[in-house]
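Numbering (my numbering), first residue to last: 334 to 795. One structure below.
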Ligand SMILES: *Cc1c(COP(=O)(O)O)cnc(C)c1O
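Put into structure tokens, the structure is as follows:
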């Protein structure tokens with residue numbers, strides 16, 4: 334058939350829309366959306382005819398294409414995945430998973446009116462922040478607390494409130510970039526503060542801070558070097574000593590702690606990461622940290638410390654621009670209550686995954702291996718691997734773990750890994766020495782079935 338005839342035999346948009354088999358779609362999707370999908374599909378067909386790739390018009394296939402196009406556009410772009418990387422706080426994969434115990438509460442808040450800014454006792458307007466402020470004060474023994482959109486916002490708000498047009502003293506060893514384009518010098522510039530670098534990359538002494546202090550100094554600033562370590566010939570000034578200098582010269586001390594862990598992980602065999610409580614107890618005036626790193630809560634920036642400084646931040650107009658929503662606040666309240674009243678190591682997924690015992694990880698790997706036994710052309714071996722905390726915490730410290738190395742006959746590691754990523758629920762694994770490796774630390778028992786069906790599917794299509 335010639336091109337002209339093929340074009341002529343294509344159905345019109347209306348003809349496709351009137352197809353009986355498409356009618357049920359109209360109760361799920363609006364007419365404009367379905368019409369757009371039909372137009373797109375017909376356009377594809379026209380293009381294909383024009384390029385000589387289509388030599389026959391088949392209405393059944395056009396309808397199939399329309400259904401496929403609607404399904405693709407309907408599926409969520411932001412969707413759940415299986416994290417088989419072993420990186421617990423994986424920023425690209427959504428960082429911390431919220432505790433299951435909060436599921437019902439989240440739905441309650443999301444789908445109903447709530448007390449976000451209302452005090453039912455007084456019958457009047459309340460504060461959005463009161464829901465978590467008291468909890469933070471009680472649990473961390475601080476004078477005041479507030480919450481903003483993320484920790485980058487905490488640092489920006491603190492600097493812009495306390496050090497606008499004034500100098501902030503920072504060690505050259507702590508002028509960090511934490512990824513996602515958060516660089517301390519840039520945030521400093523954005524806040525209007527003037528960066529006063531002291532010391533060298535590997536060594537900064539007390540006298541360096543003292544010598545830099547002048548009448549225009551607003552803040553002594555320390556950033557936790559969360560995603561790297563300086564080792565060898567090094568020296569840094571402790572929180573206590575910095576507090577001491579601050580008190581002597583009447584300059585407040587601020588620490589950007591990054592991960593903000595609330596439990597001492599060294600009690601569980603992991604490297605010591607300074608806890609928020611430790612830093613607060615050292616006498617530091619302001620501490621900022623993330624809600625969704627090792628704390629294991631929703632995305633948030635938490636600022637705690639002396640009331641006078643935090644009150645000033647609350648009055649900064651920036652606070653309104655950086656404010657958190659009701660879902661964040663409700664989940665943060667829930668997570669903080671778990672810390673205060675229950676068993677965080679068991680019910681906060683981030684912490685639970687960090688300390689899952691090796692024996693359990695090995696058992697999980699072996700169980701997955703046996704579940705995969707019947708899958709043809711697949712070869713699996715249980716291997717020792719190394720997980721990571723991620724989120725810029727515990728840098729350089731691998732956490733021993735167990736994983737499953739996978740090979741599929743006739744497929745390269747890159748091809749297997751891609752096929753896993755393209756699964757309906759994407760499975761994100763690592764490639765180590767031409768093997769696809771799935772670390773059991775970040776995979777839950779409930780997710781093993783997803784991996785099994787994905788590999789069964791892959792094998793059956795070979
Ligand atoms: C992660 C991190 C931040 C940024 O926190 P977000 O919550 O991602 O905005 C700032 N400072 C340090 C030291 C960090 O580790």
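For each residue, glycine too, the CB sits at the ideal point set by N, CA and C.
Between the stretch 594 to 603 and the stretch 662 to 678, the count of Cβ pairs shorter than 8 Å is three or higher; the stretches touch.
Closest option to residue 637, judged by alpha-carbon separation, among 624, 629, 631: 624. If only complete runs of 3 or more residues are kept, the stretch 621 to 658 shows the beta strand (DSSP E) at 634 to 638, in order along the chain.
Taken through DSSP and simplified to helix, strand or coil, residue 740 comes out as strand.
Within the stretch 491 to 525, complete alpha helix (DSSP H) segments of at least 4 residues are found at 517 to 524, given in chain order. When distances are taken from the beta-carbon of residue 511 to the heavy atoms of ligand 1, the shortest one is below 8 Å. A distance criterion of 8 Å places the beta-carbon of residue 515 in contact range of ligand 1, judged by its closest non-hydrogen atom. Between residue 553 and residue 527 a beta carbon distance of about 14 Å is seen, past the 8 Å cut, so the two are scored as non-contacting. Put simply, of 338, 416, 369, 788 the residue whose alpha carbon is nearest the alpha carbon of residue 389 is 338. Here the alpha carbon of residue 603 sits roughly 25 Å from the alpha carbon of residue 469. Residue pairing of residue 717 in beta bridges, as defined by DSSP: 735. Taking the CA atoms as reference points, residue 752 sits about 17 Å from residue 705. Of the residues assessed, residue 618 falls on the buried side of the cut-off, its CB having 16 or more other CB atoms within 10 angstroms.
By the Cβ-count criterion, residue 546 is buried, with 16 or more other Cβ atoms from all chains shown falling within 10 Å of its own Cβ. Between residue 768 and residue 738, the C-beta spacing is below 9 Å. Runs of the beta strand (DSSP E) spanning 3 or more residues and lying entirely within the stretch 399 to 462 occur at 420 to 422, in chain order.
Given a length threshold of 4 residues, each whole run of the alpha helix (DSSP H) inside the stretch 528 to 598 is given here in chain order: 539 to 545, 572 to 582. Residue pairing by DSSP places residue 768 opposite 765 in a beta bridge. In the displayed model, residue 489 falls within a helix according to three-state DSSP.
Of the residues 514, 371, 535, the one whose Cα lies closest to the Cα of residue 564 is 535. Taking residue 387 as reference, the option from 556, 543, 340, 772 with the minimal CA-CA separation is 340. Secondary structure at residue 608: strand, using DSSP grouped into helix, strand and coil.
The C-alpha of residue 392 lies about 57 Å from the C-alpha of residue 732. Taking 8 Å as the upper bound for CB-CB distance, residue 575 and residue 524 are not in contact here, some 20 Å apart. Taking C-beta atoms as the reference points, residue 761 and residue 417 count as a pair closer than 9 Å.
For the set 439, 464, 726, 441, the Cα lying nearest the Cα of residue 450 is the one of 464. Distance from the C-beta of residue 557 to the nearest heavy atom of ligand 1 is below 8 Å.
Non-local C-beta neighbours of residue 646 in its own chain, meaning closer than 7 Å and more than five positions away in sequence, comprise 479, 490, 491, 494, 636, 652, ordered along the chain. Remark: C-beta atoms of residue 715 and residue 702 approach each other more closely than 9 Å.
Bounds of any alpha helix (DSSP H) do not take in residue 479; it lies within the beta strand (DSSP E) bounded by 477 to 481.
Bridge pairing for residue 711: 741 [DSSP].
Between residue 506 and residue 537 the beta-carbon gap is near 6 Å, inside 8 Å, which marks them as a contact. The three-state secondary structure of residue 758, taken from DSSP, is coil. Here residue 364 is exposed, its C-beta having fewer than 16 other C-beta atoms within 10 Å. With a cutoff of 8 Å, residue 589 counts as near ligand 1, since its C-beta is closer than that to a heavy atom of the ligand.
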